[in-house]
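Heads up: take any position in the sequence shown, counting from 1, add 1, and you land on my numbering.
C-beta: ideal position from N, C-alpha, C; glycine also.
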Amino acid sequence: MIVLYLVALLISLTGMVVLDRRFKLFFWRDARRAGIVLAAGVLFFLVWDFFGVGLGIFFRGETEFMTGLLIAPEVPIEEVFFLTLLCYLTMNLYGALTRSTEVTA
Numbered sequence: 002m003i004v005l006y007l008v009a010l011l012i013s014l015t016g017m018v019v020l021d022r023r024f025k026l027f028f029w030r031d032a033r034r035a036g037i038v039l040a041a042g043v044l045f046f047l048v049w050d051f052f053g054v055g056l057g058i059f060f061r062g063e064t065e066f067m068t069g070l071l072i073a074p075e076v077p078i079e080e081v082f083f084l085t086l087l088c089y090l091t092m093n094l095y096g097a098l099t100r101s102t103e104v105t106a
């Protein structure tokens, strides 16, 4: 069992945290609001995945780089970390864009 994909996701998430802290993009602006937004985004996409799996649209890819641990049929544990990264990246991007408009306005 190789966990390279999970490690890559965790390193990327760490990068998001570092950027967020350095530039006060989202969590360091309002941690409560950011936590709610992040949880809602991850939950939304997990439900989306469950529906996609249930309808036979989404399938788990087989690769040696994943742990093989599943949180549901066809939904690997890495999916939760990927969705967290996706949502956090979007939150940081939003924070950066709104911050740049505040500076120029």
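Tell me where the beta strand (DSSP E) around residue i begins and ends.
i: ILE72; result: 71-73
Between residue i and residue j, which are expected to be in contact by the criterion C-beta below 8 Å, what is the C-beta distance as a whole number of angstroms?
i: LEU11; j: LEU47; result: Contact flag wrong, Cβ pair sits at about 18 Å.
i: PHE82; j: LEU14; result: 7 Å
i: ILE3; j: PHE66; result: 6 Å
Which residue marks the beginning of the alpha helix (DSSP H) containing residue i, and which one marks its end?
i: VAL1; result: For residue 1 there is no data in the structure shown, the boundaries of the chain being 2 and 106.
i: ARG23; result: 5-24
Can you tell me whether residue i is buried or exposed, with buried defined as 16 or more other CB within 10 angstroms of its CB?
i: VAL8; result: exposed
i: GLU79; result: buried
i: ALA35; result: buried
i: ASP21; result: buried
i: VAL43; result: buried
I'd like the list of long-range same chain contacts for residue i, defined as Cβ closer than 8 Å, with 5 residues on each side in sequence excluded.
i: MET17; result: LEU86, TYR89, LEU90 and ASN93
i: LEU71; result: ARG61, PRO77 and ILE78
i: LEU56; result: none
Return the chain-ordered list of same chain residues with a C-beta closer than 6 Å to the C-beta of residue i, the five sequence neighbours on each side being excluded.
i: LEU26; result: ASN93, GLY96 and ALA97
i: LEU39; result: CYS88
Which same chain residues end up closer than 7 Å to residue i when comparing Cβ atoms and leaving out the 5 residues on each side of it in sequence?
i: LEU29; result: The amino acid occupying residue 29 in the given sequence is Trp; Leu does not appear at that position. Excluding positions up to five away in sequence, the list reads ASP21 and ARG22.
Between the segment 91-102 and the segment 48-57, do at least 3 Cβ pairs fall closer than 8 Å?
No: the two stretches stay apart, fewer than three of their Cβ pairs being nearer than 8 Å.
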